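S.K.: Residue numbers (the working numbering): 7 to 368.
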Amino acid sequence: MGRRTPLYDSHVALGARMVDFGGWDMPVNYGSQIEEHHAVRHSAGVFDVSHMCVVDLRGARTREFLSHLLANDVGKLREPGKALYSCMLNEAGGILDDLIVYFLDESWFRVVVNAGTRDSDIVWMRQHAASYGVDVIERAELAMLAVQGPDARTRVVKLLATTEREAVLAQGVFFGRQCGDWFVSRTGYTGEDGFEVVMPAGDAPRVWQQLNDLGVVSCGLGARDTLRLEAGMNLYGNDMDASKHPLESGLTWTVAFKPQERDFIGRAALESIRAAGINNTLVALLLDDRGVLRPHQRVVVDGVGEGEITSGTFSPTLQKSIAFARVPVATANVVAVDIRGKLLRARVVKAPFVRNGQILVS
7 MGRRTPLYDS
17 HVALGARMVD
27 FGGWDMPVNY
37 GSQIEEHHAV
47 RHSAGVFDVS
57 HMCVVDLRGA
67 RTREFLSHLL
77 ANDVGKLREP
87 GKALYSCMLN
97 EAGGILDDLI
107 VYFLDESWFR
117 VVVNAGTRDS
127 DIVWMRQHAA
137 SYGVDVIERA
147 ELAMLAVQGP
157 DARTRVVKLL
167 ATTEREAVLA
177 QGVFFGRQCG
187 DWFVSRTGYT
197 GEDGFEVVMP
207 AGDAPRVWQQ
217 LNDLGVVSCG
227 LGARDTLRLE
237 AGMNLYGNDM
247 DASKHPLESG
257 LTWTVAFKPQ
267 ERDFIGRAAL
277 ESIRAAGINN
287 TLVALLLDDR
297 GVLRPHQRVV
307 VDGVGEGEIT
317 SGTFSPTLQK
327 SIAFARVPVA
337 TANVVAVDIR
347 GKLLRARVVK
357 APFVRNGQIL
367 VS
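1) Mark D187 as exposed unless 16 or more other C-beta atoms lie within 10 angstroms of its C-beta, in which case mark it buried.
2) Does DSSP put F320 in a helix, a strand or coil?
3) Using a threshold of 8 Å, state whether the C-beta atoms of F198 and G155 are closer than that.
4) Within 10 Å of its beta-carbon, does R212 have 16 or more other beta-carbons around it, so buried, or fewer, so exposed?
5) Compare the Cα-Cα distances from G363 to each of G200, A207, G99 and report the closest residue.
6) For E312 and L75, what's the separation of their Cα atoms in angstroms?
7) If you count every other CB in all the chains shown that lies within 10 Å of the CB of M94, and 16 or more means buried, which is it?
8) Considering only residues of the same chain and omitting the five flanking positions on each side of K14, which have a CB-CB separation below 7 Å?
9) Report yes if the CB atom of D62 is closer than 8 Å to the CB atom of R116, and no otherwise.
10) Quick check: the Cα distance between G122 and R10, rounded to an integer number of angstroms?
11) Would DSSP call V80 helix, strand or coil?
12) Can you list the alpha helix (DSSP H) stretches of 4 or more residues lying completely in the region 206-265, in chain order?
13) Only counting the same chain, and skipping five residues up and downstream in sequence, which positions put a Cβ closer than 7 Å to that of L83?
14) Out of P334, V55, P252, I328, which has the shortest C-alpha to C-alpha gap to V360?
15) Decide yes or no for the touch test of the region 47-61 against the region 237-257: beta carbon pairs closer than 8 Å, at least 3 of them.
16) Between which two residues does the alpha helix (DSSP H) carrying V310 extend?
17) Measuring CB to CB, does G21 end up less than 8 Å from V223?
18) What span of residues does the beta strand (DSSP E) with Q154 cover, start to end?
19) Can you list, in chain order, the residues of its chain whose CB lies under 6 Å from that of G28, leaving out five sequence neighbours each side?
20) Out of E267, A338, F263, R351, which has the shortest C-alpha to C-alpha gap to R304?
21) Going by DSSP, name the residue or residues bridged to A352.
22) Counting only the same chain and skipping the five closest in sequence on each side, list residues whose C-beta sits under 7 Å from that of G65.
23) Using the beta-carbon count (16 or more within 10 Å), is H17 buried or exposed?
Right, dumping it as structure tokens:
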């Protein structure tokens with residue numbers, strides 16, 4: 007038996023198919039994964055993301071600590087509630103995790119890390135926080151729900167105090183706001199608008215039911231994966247891990263090399279890699295032939311070499327198979343993917359495939 011979120015009994019009561027995910031018992035779907043996917047693209051769906059870990063960082067030198075810990079620059083965070091996406095690297099430039107960090111005040115920042123790396127992340131953060139006098143506080147007593155889709159925000163605010171609703175609806179993308187015991191952030195992992203809501207664990211089952219009563223569809227990890235891949239978002243453990251660096255993982259944009267004097271963990275390694283030139287890069291693929299792209303399938307680049315699918319699925323929105331693949335940097339516009347011994351044609355396209363309900367590739 008794996009770890010369980012505060013919503014485990016609710017998922018079982020709703021007939022969810024439960025699977026192991028990073029050591030957690032999580033719902034993969036509640037019936038039709040395709041219907042859950044379309045609900046998010048066209049209306050609203052709710053996901054249990056309580057397996058992800060909320061960590062509060064407190065201390066007078068927290069900003070200085072995060073400036074050293076993260077590849078992106080928390081110096082960009084000046085307005086309370088503003089969030090930043092970043093990788094946390096080891097000394098070799100390998101990606102220990104990707105995370106979101108929120109600036110709440112100068113002595114309090116909040117980070118949300120992935121489920122599979124939460125324990126090692128906390129150990130790593132505490133190891134480096136000690137010399138800055140920063141407390142690393144795991145908020146295990148909290149749950150988190152992701153409510154996503156074009157109707158998501160208007161549904162969520164109905165559960166808030168009337169005095170909070172106008173401000174929350176006006177809140178910008180990648181901003182979080184404390185609303186009583188809840189922390190409501192305009193973030194997500196689906197390519198649609200919506201909120202991620204952190205709340206006391208005891209609130210979660212009631213709120214899930216209230217959202218269902220408002221027409222928000224219960225959604226599992228299956229739909230979350232097809233949605234995030236359509237949206238061109240990396241998955242830790244598939245598209246990057248500690249053996250890969252951001253420059254070969256489509257995440258160069260998350261590395262802030264300026265200001266030059268900022269000495270973040272992994273900087274020296276990344277600068278050496280950048281100076282020497284990278285060998286591989288992460289690209290988006292669209293399969294022209296019939297078939298389904300899956301992780302670890304071989305990608306053949308004529309006259310250049312080979313690569314590998316890192317994430318792949320059949321896109322319910324495009325009705326075609328899509329993927330991320332790590333391939334040689336000299337890869338042009340067309341590759342072949344080995345699917346059960348047959349080489350099928352796929353095109354290199356610009357991610358994302360879908361955002362805000364709009365198909366962006368053809």
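Note that beta-carbon positions come from the ideal geometry of N, C-alpha and C, so glycine has one too. Every value quoted in this text rests on a predicted model; they were computed, and no experiment measured them.
M.R.: Looking at the atomic coordinates:
1) Along the sequence shown, read from residue 1 onward, the residue named residue 187 stands at position 181. Result: exposed.
2) Residue numbering aside, residue 320 sits at position 314 when the sequence shown is read from its first letter. It is a strand residue.
3) Against the sequence shown, residue 198 aligns to sequence position 192. Against the sequence shown, residue 155 aligns to sequence position 149. What sits at residue 198 in the sequence shown is Glu, not Phe. Their beta carbons are under 8 Å apart, which means E198 touches G155 by this criterion.
4) Position 206 of the sequence shown holds residue 212. Exposed, by the Cβ-count rule.
5) In the sequence shown, residue 363 corresponds to position 357, counting from 1. Cα-wise, what sits closest to G363 is G200.
6) Here residue 312 refers to the residue found at position 306 when the sequence shown is read from its first residue. Here residue 75 refers to the residue found at position 69 when the sequence shown is read from its first residue. Going by the C-alpha atoms only, they are around 34 Å apart.
7) Stepping through the sequence shown from its first residue, residue 94 is reached at position 88. Per the 10 Å Cβ criterion, buried.
8) Translated into positions along the sequence shown, residue 14 becomes position 8. Note on identity: in this sequence residue 14 is Tyr, with Lys being the wrong assignment. Counting only Cβ-Cβ distances below 7 Å, and skipping sequence neighbours, we find D31.
9) Indexing the sequence shown from 1 puts residue 62 at position 56. Indexing the sequence shown from 1 puts residue 116 at position 110. Between D62 and R116, the gap from beta carbon to beta carbon is short of 8 Å.
10) Numbered from 1 along the sequence shown, position 116 holds the residue referred to as residue 122. Numbered from 1 along the sequence shown, position 4 holds the residue referred to as residue 10. The C-alpha of R10 is placed about 13 Å away from the C-alpha of G122.
11) Position 74 of the sequence shown, counted from the first residue, corresponds to residue 80. Helix, per DSSP.
12) 210-219, 227-236
13) Numbered from 1 along the sequence shown, position 77 holds the residue referred to as residue 83. Closer than 7 Å at the Cβ level, and outside the excluded window around L83, lie L90, F109.
14) Indexing the sequence shown from 1 puts residue 360 at position 354. With distances taken between Cα atoms, V360 lies closest to I328.
15) Contact annotation: the region 47-61 does not touch the region 237-257, with fewer than three C-beta pairs closer than 8 Å.
16) In the sequence shown, residue 310 corresponds to position 304, counting from 1. Where V310 is concerned, there is no enclosing alpha helix (DSSP H), given that its DSSP letter is neither H nor E.
17) Numbered from its first residue, the sequence shown carries residue 21 at position 15. Numbered from its first residue, the sequence shown carries residue 223 at position 217. Not in contact: G21 and V223 (Cβ atoms no closer than 8 Å).
18) Looking up residue 154 in the sequence shown gives position 148. Counting along the chain, the beta strand (DSSP E) containing Q154 begins and ends at 148-154.
19) The sequence position of residue 28 within the sequence shown is 22, counting from 1. Setting aside the 5 residues that flank it on each side, G28 is surrounded in the same chain by A121, G122, each with a C-beta closer than 6 Å to its C-beta; the list follows chain order.
20) Walking along the sequence shown from the start, residue 304 turns up at place 298. The shortest Cα separation from R304 among E267, A338, F263, R351 belongs to R351.
21) Here residue 352 corresponds to residue number 346 of the sequence shown, with the count starting at 1. Note: A352 sits in a beta bridge opposite L293, V341.
22) The residue you call residue 65 lines up with position 59 of the sequence shown. If we look at G65 and ignore the five residues flanking it on each side, its Cβ neighbours are S113, Y138, G139, V140, D141.
23) The count along the sequence shown starts at 1 and reaches residue 17 at position 11. The residue in question, H17, is buried, as its Cβ has 16 or more Cβ neighbours within 10 Å.
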